[in-house]
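Per our numbering, the sequence shown starts with residue 3, numbered consecutively.
Ideal Cβ positions, reconstructed from N, Cα and C, are used throughout, including at glycine.
Note sheet for the following structure.
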Amino acid sequence: MDDIRRRLTDAQVEHFIHEGFVRLDDAFPRAWADEGRALLWRDTRCDPQAPATWTKPVIRLGHYGQEPFARAASTPLLHAAFDQLVGPGRWLPCKALGTFPVRFPSPEDPGDAGWHIDVSFGTEHPDFLQWRANIHSRGRALLMLFLFSDVGPDDAPTRIRAGSHLDIARTLAPAGEAGLTLGELAAQGFADSAGRPEVLATGEAGTVYLCHPFLVHSAQSHRGTRPRFMAQPPLLPATPLVSRREDPACSPVEQAIRLALETRQPRER
3 MDDIRRRLTD
13 AQVEHFIHEG
23 FVRLDDAFPR
33 AWADEGRALL
43 WRDTRCDPQA
53 PATWTKPVIR
63 LGHYGQEPFA
73 RAASTPLLHA
83 AFDQLVGPGR
93 WLPCKALGTF
103 PVRFPSPEDP
113 GDAGWHIDVS
123 FGTEHPDFLQ
133 WRANIHSRGR
143 ALLMLFLFSD
153 VGPDDAPTRI
163 RAGSHLDIAR
173 TLAPAGEAGL
183 TLGELAAQGF
193 ADSAGRPEVL
203 ATGEAGTVYL
213 CHPFLVHSAQ
223 SHRGTRPRFM
233 AQPPLLPATP
243 LVSRREDPAC
253 SPVEQAIRLA
263 LETRQPRER
(Lines of atoms letter the chains of each structure in order from A and count residues from 1; the text may use other names and numbers.)
(Lines give C-alpha, C1' and ligand atoms only; values in the text may rest on other atoms or scores of the structure.)
Protein backbone atom coordinates (compact mmCIF):
# COMPACT_ATOMS: atom_id res chain seq x y z
CA MET A 1 0.00 0.00 0.00
CA ASP A 2 2.74 2.49 0.96
CA ASP A 3 5.18 1.32 -1.74
CA ILE A 4 6.27 4.47 -3.55
CA ARG A 5 7.35 2.28 -6.46
CA ARG A 6 3.67 1.92 -7.37
CA ARG A 7 3.75 4.66 -9.96
CA LEU A 8 1.62 5.22 -13.03
CA THR A 9 2.92 3.35 -16.04
CA ASP A 10 3.69 5.08 -19.33
CA ALA A 11 0.51 3.50 -20.74
CA GLN A 12 -1.57 4.94 -17.90
CA VAL A 13 -0.13 8.42 -18.44
CA GLU A 14 -0.86 8.20 -22.18
CA HIS A 15 -4.40 7.06 -21.39
CA PHE A 16 -4.83 10.10 -19.17
CA ILE A 17 -3.61 12.45 -21.90
CA HIS A 18 -5.82 11.01 -24.64
CA GLU A 19 -8.86 9.71 -22.71
CA GLY A 20 -8.86 12.16 -19.81
CA PHE A 21 -8.71 9.87 -16.79
CA VAL A 22 -6.85 7.06 -15.06
CA ARG A 23 -8.24 4.54 -12.58
CA LEU A 24 -6.18 3.63 -9.51
CA ASP A 25 -7.27 0.45 -7.73
CA ASP A 26 -6.38 0.15 -4.03
CA ALA A 27 -5.44 3.82 -3.91
CA PHE A 28 -6.32 3.74 -0.21
CA PRO A 29 -7.21 0.84 2.12
CA ARG A 30 -10.74 -0.54 2.30
CA ALA A 31 -10.54 -0.22 6.09
CA TRP A 32 -10.29 3.56 5.74
CA ALA A 33 -13.29 3.55 3.41
CA ASP A 34 -15.21 1.57 6.03
CA GLU A 35 -14.28 4.08 8.75
CA GLY A 36 -15.28 7.02 6.60
CA ARG A 37 -18.53 5.40 5.48
CA ALA A 38 -19.55 4.88 9.11
CA LEU A 39 -19.25 8.63 9.70
CA LEU A 40 -21.20 9.37 6.53
CA TRP A 41 -24.01 6.94 7.44
CA ARG A 42 -24.34 8.72 10.80
CA ASP A 43 -24.75 12.07 9.10
CA THR A 44 -27.34 10.84 6.60
CA ARG A 45 -29.59 10.04 9.60
CA CYS A 46 -30.60 6.91 7.73
CA ASP A 47 -30.39 3.34 9.04
CA PRO A 48 -27.97 1.18 6.98
CA GLN A 49 -30.11 -1.86 7.78
CA ALA A 50 -33.50 -0.28 7.05
CA PRO A 51 -34.06 0.68 3.39
CA ALA A 52 -37.40 2.20 4.39
CA THR A 53 -35.38 5.09 5.85
CA TRP A 54 -33.71 5.79 2.49
CA THR A 55 -36.36 8.23 1.33
CA LYS A 56 -34.35 10.50 -0.99
CA PRO A 57 -32.45 9.65 -4.18
CA VAL A 58 -29.46 11.71 -3.06
CA ILE A 59 -28.28 13.30 0.19
CA ARG A 60 -25.43 15.81 -0.02
CA LEU A 61 -23.14 15.83 2.97
CA GLY A 62 -20.78 18.67 3.82
CA HIS A 63 -17.04 19.15 3.97
CA TYR A 64 -15.21 16.07 5.35
CA GLY A 65 -11.64 16.32 6.60
CA GLN A 66 -11.65 13.85 9.48
CA GLU A 67 -8.78 11.39 9.78
CA PRO A 68 -10.01 8.58 7.45
CA PHE A 69 -10.75 11.11 4.70
CA ALA A 70 -7.50 13.07 5.10
CA ARG A 71 -5.50 9.84 5.09
CA ALA A 72 -7.31 8.54 2.01
CA ALA A 73 -6.34 11.68 0.08
CA SER A 74 -2.69 11.52 1.10
CA THR A 75 -1.35 8.08 0.27
CA PRO A 76 2.12 7.78 -1.30
CA LEU A 77 0.53 6.28 -4.43
CA LEU A 78 -1.71 9.30 -4.90
CA HIS A 79 1.06 11.80 -4.19
CA ALA A 80 3.29 10.06 -6.75
CA ALA A 81 0.44 10.17 -9.28
CA PHE A 82 -0.14 13.88 -8.61
CA ASP A 83 3.55 14.51 -9.30
CA GLN A 84 3.35 12.53 -12.53
CA LEU A 85 0.15 14.13 -13.85
CA VAL A 86 0.41 17.71 -12.57
CA GLY A 87 4.11 18.10 -11.81
CA PRO A 88 6.22 18.13 -8.63
CA GLY A 89 5.58 21.27 -6.60
CA ARG A 90 2.62 22.27 -8.78
CA TRP A 91 -0.22 20.96 -6.59
CA LEU A 92 -1.45 21.62 -3.07
CA PRO A 93 -1.96 18.79 -0.56
CA CYS A 94 -5.57 17.64 -0.36
CA LYS A 95 -6.53 17.78 3.32
CA ALA A 96 -10.27 17.13 2.94
CA LEU A 97 -12.61 15.41 0.53
CA GLY A 98 -15.31 18.03 0.29
CA THR A 99 -18.91 17.16 -0.42
CA PHE A 100 -20.23 13.60 -0.58
CA PRO A 101 -23.33 13.14 -2.78
CA VAL A 102 -24.65 9.90 -1.24
CA ARG A 103 -26.89 8.19 -3.80
CA PHE A 104 -29.65 5.81 -2.73
CA PRO A 105 -31.60 3.25 -4.76
CA SER A 106 -34.64 5.16 -6.00
CA PRO A 107 -37.01 5.39 -8.97
CA GLU A 108 -37.01 9.19 -8.55
CA ASP A 109 -34.97 11.51 -10.75
CA PRO A 110 -32.04 12.74 -8.60
CA GLY A 111 -32.28 16.13 -10.29
CA ASP A 112 -28.55 16.50 -10.94
CA ALA A 113 -27.86 14.05 -13.75
CA GLY A 114 -26.82 16.46 -16.50
CA TRP A 115 -23.52 16.35 -18.40
CA HIS A 116 -21.04 18.97 -17.16
CA ILE A 117 -17.51 19.78 -16.12
CA ASP A 118 -16.63 20.98 -12.63
CA VAL A 119 -16.03 24.70 -13.13
CA SER A 120 -13.44 26.21 -10.84
CA PHE A 121 -13.61 29.99 -10.33
CA GLY A 122 -16.17 32.73 -9.97
CA THR A 123 -17.85 30.58 -7.34
CA GLU A 124 -18.66 33.66 -5.25
CA HIS A 125 -21.55 34.29 -7.68
CA PRO A 126 -24.85 33.10 -6.15
CA ASP A 127 -25.96 31.51 -9.46
CA PHE A 128 -23.84 28.40 -10.06
CA LEU A 129 -24.51 28.65 -13.80
CA GLN A 130 -22.32 31.77 -13.68
CA TRP A 131 -19.33 29.87 -12.25
CA ARG A 132 -16.47 29.66 -14.74
CA ALA A 133 -13.63 27.64 -16.26
CA ASN A 134 -10.85 28.82 -18.56
CA ILE A 135 -8.26 27.24 -20.84
CA HIS A 136 -5.68 27.32 -18.01
CA SER A 137 -8.08 25.51 -15.66
CA ARG A 138 -7.76 28.29 -13.12
CA GLY A 139 -8.37 26.87 -9.64
CA ARG A 140 -8.32 23.16 -10.50
CA ALA A 141 -5.50 20.78 -11.44
CA LEU A 142 -7.51 17.53 -11.35
CA LEU A 143 -11.02 16.25 -10.77
CA MET A 144 -10.88 13.24 -8.45
CA LEU A 145 -13.45 10.54 -7.71
CA PHE A 146 -12.90 8.69 -4.41
CA LEU A 147 -15.01 5.54 -4.01
CA PHE A 148 -15.92 4.88 -0.37
CA SER A 149 -18.22 1.98 -1.23
CA ASP A 150 -18.16 -0.76 -3.84
CA VAL A 151 -19.68 0.68 -7.02
CA GLY A 152 -21.03 -1.59 -9.74
CA PRO A 153 -22.81 -0.69 -13.00
CA ASP A 154 -26.20 -0.36 -11.26
CA ASP A 155 -24.92 1.63 -8.26
CA ALA A 156 -25.07 5.12 -9.83
CA PRO A 157 -21.45 5.19 -11.03
CA THR A 158 -20.37 8.52 -12.47
CA ARG A 159 -20.63 8.49 -16.26
CA ILE A 160 -17.52 9.71 -18.09
CA ARG A 161 -17.22 10.78 -21.71
CA ALA A 162 -13.75 9.49 -22.55
CA GLY A 163 -11.73 12.05 -24.49
CA SER A 164 -14.20 14.86 -23.88
CA HIS A 165 -11.54 16.99 -22.16
CA LEU A 166 -10.12 17.65 -25.65
CA ASP A 167 -13.47 19.00 -26.86
CA ILE A 168 -13.79 21.30 -23.86
CA ALA A 169 -10.24 22.63 -24.27
CA ARG A 170 -11.07 23.63 -27.85
CA THR A 171 -14.29 25.30 -26.69
CA LEU A 172 -12.54 27.24 -23.92
CA ALA A 173 -9.50 28.38 -25.90
CA PRO A 174 -11.11 31.33 -27.78
CA ALA A 175 -12.45 32.74 -24.48
CA GLY A 176 -8.93 33.26 -23.07
CA GLU A 177 -8.39 34.15 -19.44
CA ALA A 178 -12.02 35.10 -18.82
CA GLY A 179 -13.18 31.66 -19.83
CA LEU A 180 -16.82 30.62 -20.06
CA THR A 181 -19.58 30.17 -17.52
CA LEU A 182 -21.14 26.82 -16.83
CA GLY A 183 -24.25 28.08 -18.56
CA GLU A 184 -22.28 29.02 -21.68
CA LEU A 185 -20.51 25.67 -21.70
CA ALA A 186 -23.84 23.87 -21.36
CA ALA A 187 -25.17 25.83 -24.34
CA GLN A 188 -22.22 25.23 -26.66
CA GLY A 189 -19.64 22.86 -25.22
CA PHE A 190 -21.13 19.66 -23.89
CA ALA A 191 -22.97 18.71 -27.08
CA ASP A 192 -19.61 18.48 -28.89
CA SER A 193 -18.68 15.50 -26.74
CA ALA A 194 -21.96 13.61 -27.23
CA GLY A 195 -20.38 11.04 -29.52
CA ARG A 196 -17.57 10.15 -27.17
CA PRO A 197 -17.43 6.64 -25.66
CA GLU A 198 -19.10 6.44 -22.25
CA VAL A 199 -17.21 4.87 -19.35
CA LEU A 200 -18.63 4.09 -15.91
CA ALA A 201 -16.56 4.93 -12.84
CA THR A 202 -17.00 1.56 -11.14
CA GLY A 203 -14.69 -0.15 -8.68
CA GLU A 204 -14.22 -1.43 -5.17
CA ALA A 205 -14.03 0.83 -2.13
CA GLY A 206 -10.57 2.38 -2.15
CA THR A 207 -10.56 3.05 -5.90
CA VAL A 208 -9.75 6.57 -7.10
CA TYR A 209 -10.25 8.04 -10.56
CA LEU A 210 -7.90 10.91 -11.42
CA CYS A 211 -9.51 12.98 -14.16
CA HIS A 212 -8.49 15.89 -16.33
CA PRO A 213 -10.28 19.03 -15.07
CA PHE A 214 -12.05 19.42 -18.44
CA LEU A 215 -13.50 15.89 -18.49
CA VAL A 216 -17.27 15.87 -19.16
CA HIS A 217 -19.13 13.64 -16.71
CA SER A 218 -22.56 13.09 -15.24
CA ALA A 219 -24.38 11.60 -12.27
CA GLN A 220 -27.18 9.09 -12.84
CA SER A 221 -30.02 7.34 -11.06
CA HIS A 222 -29.26 4.48 -8.68
CA ARG A 223 -30.74 1.15 -9.85
CA GLY A 224 -28.89 -1.10 -7.40
CA THR A 225 -29.59 -2.19 -3.85
CA ARG A 226 -26.97 -0.47 -1.64
CA PRO A 227 -26.21 3.27 -1.38
CA ARG A 228 -23.17 4.67 -3.17
CA PHE A 229 -20.64 6.76 -1.24
CA MET A 230 -18.24 8.82 -3.32
CA ALA A 231 -16.32 12.09 -2.92
CA GLN A 232 -15.34 14.30 -5.85
CA PRO A 233 -12.80 16.85 -4.57
CA PRO A 234 -10.54 18.97 -6.73
CA LEU A 235 -6.78 18.80 -6.61
CA LEU A 236 -5.83 22.46 -6.30
CA PRO A 237 -2.92 23.87 -8.31
CA ALA A 238 0.04 25.54 -6.59
CA THR A 239 1.01 27.26 -9.86
CA PRO A 240 -1.06 28.05 -12.96
CA LEU A 241 -1.27 25.47 -15.74
CA VAL A 242 0.64 26.52 -18.85
CA SER A 243 -0.02 24.49 -22.01
CA ARG A 244 3.01 26.00 -23.77
CA ARG A 245 5.68 24.78 -21.37
CA GLU A 246 8.69 23.25 -23.07
CA ASP A 247 9.05 19.48 -22.84
CA PRO A 248 9.83 17.72 -20.55
CA ALA A 249 8.49 20.34 -18.12
CA CYS A 250 5.01 20.13 -19.66
CA SER A 251 2.85 17.95 -17.41
CA PRO A 252 0.32 15.43 -18.76
CA VAL A 253 -2.54 17.76 -17.75
CA GLU A 254 -0.92 20.49 -19.84
CA GLN A 255 0.03 18.09 -22.63
CA ALA A 256 -3.63 17.13 -23.05
CA ILE A 257 -4.61 20.79 -23.47
CA ARG A 258 -1.81 21.32 -25.97
CA LEU A 259 -2.86 18.19 -27.87
CA ALA A 260 -6.39 19.54 -28.14
CA LEU A 261 -5.24 22.92 -29.43
CA GLU A 262 -2.84 21.37 -31.94
CA THR A 263 -5.63 19.22 -33.39
CA ARG A 264 -8.36 21.79 -33.79
CA GLN A 265 -10.14 20.05 -36.65
CA PRO A 266 -13.43 18.42 -35.61
CA ARG A 267 -12.97 14.72 -34.95
CA GLU A 268 -14.77 12.22 -37.11
CA ARG A 269 -18.15 11.09 -35.86
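- prompt: Cβ of R142 within 7 Å of Cβ of P90?
  reply: Cβ distance not < 7 Å, so R142 and P90 don't count as in contact.
query: Which runs of the beta strand (DSSP E) fall wholly inside the stretch 181-251 and span at least 3 residues, in chain order?
result: For the beta strand (DSSP E) assignment, the uninterrupted runs of no fewer than 3 residues enclosed by the stretch 181-251 are, from N- to C-terminal side, 200-202 and 210-213.
message: Does H1 come out as helix, strand or coil in the three-state DSSP assignment?
response: Given that the chain is displayed from residue 3 to residue 271, the structure contains no residue 1 and the question cannot be resolved.
Distance between beta carbons of G208 and D157, contact taken as under 8 Å: Not quite, the Cβ-Cβ distance comes to about 15 Å (not below 8 Å), so this is no contact.
task: Kindly provide the ranges of any alpha helix (DSSP H) runs that are 4 or more residues long and lie completely inside the stretch 122-182, ordered along the chain.
output: Within the stretch 122-182, the complete alpha helix (DSSP H) segments of 4 residues or longer fall at 166-174, listed in chain order.
query: Is the CB-CB distance between W133 and S220 below 7 Å?
result: For W133 and S220, no; Cβs fall outside 7 Å.
message: So the candidates are T46, H81 and H20; which of them puts its Cα closest to the Cα of R8?
response: Closest in alpha carbon position to R8, among T46, H81 and H20, is H81.
- request: Go through its chain and collect everything with a Cβ distance to A251's Cβ below 7 Å, but skip five positions before and after it.
  value: So the list is empty, once near-sequence residues are dropped.
- request: Could you give the DSSP three-state label for P78: helix, strand or coil?
  value: DSSP places P78 in helix when its eight states are reduced to three.
field: Residues near D12 by beta carbon distance below 6 Å, same chain, minus five either side
entry: Excluding residues within five positions, none has a Cβ falling inside 6 Å.
- prompt: Does DSSP put L26 in a helix, a strand or coil?
  reply: Three-state result, L26: strand.
- prompt: Hey, how far is the Cα of P31 from the Cα of A180?
  reply: Rounded to whole angstroms, P31 to A180 spans 40 Å at the Cα level.
field: L261 to L168 span [Cα, whole Å]
entry: About 8 Å.
- prompt: If you drop the 5 nearest sequence neighbours on each side, which residues of the same chain put their C-beta closer than 6 Å to that of E21?
  reply: Here the set comprises A164 and G165.
- prompt: Can you name the start and end residues of the alpha helix (DSSP H) that V255 belongs to?
  reply: Looking at the DSSP string, the run of the alpha helix (DSSP H) that includes V255 is P254 to E264.
task: Could you spell out where the beta strand (DSSP E) holding L63 opens and where it closes?
output: V60 to L63 is the extent of the beta strand (DSSP E) around L63.
CA-to-CA distance, L217 to R292, given in whole angstroms: Here the chain comprises residues numbered 3 to 271, so residue 292 is not present and cannot be evaluated.
message: At the level of alpha carbons, what is the spacing between W43 and A177?
response: Taking the straight line joining both Cα atoms gives about 43 Å.
message: Let me check understanding here. Comparing Cα to Cα, which of Q68, Q222 and A52 lies closest to G113?
response: Ranking Q68, Q222 and A52 by CA distance to the CA of G113 puts Q222 first.
query: Whose C-alpha, out of T183, G67, H17 and R25, is nearest the C-alpha of L212?
result: In terms of Cα proximity to L212, the closest of T183, G67, H17 and R25 is R25.
- prompt: Given that a residue counts as buried once 16 or more other Cβ atoms are within 10 Å of its Cβ, and exposed if not, what is L174?
  reply: Classification of L174: buried, given that the 10 Å Cβ count is 16 or more.
message: For a quick check, are the C-beta atoms of L243 and E256 less than 7 Å apart?
response: Yes; because the gap between Cβ atoms is below 7 Å, this pair is in contact.
Distance between T46 and F84 (C-alpha atoms, nearest Å): The straight-line gap from Cα to Cα measures roughly 31 Å.
Best match in P53, H65 and R246 for proximity to S108 [C-alpha to C-alpha]: Distances from the alpha-carbon of S108 to those of P53, H65 and R246 put P53 closest.
- prompt: In chain order, what residues of the same chain lie with their CB nearer than 6 Å to the CB of G185, ignoring the 5 residues before and after it?
  reply: If we look at G185 and ignore the five residues flanking it on each side, its Cβ neighbours are L131.
Backbone secondary structure at V88 - three-state DSSP: Coil, per DSSP.
field: Boundaries (first-last residue) of the alpha helix (DSSP H) holding F102
entry: Premise fails: F102 lies in the beta strand (DSSP E), F102 to R105, not in any alpha helix (DSSP H).
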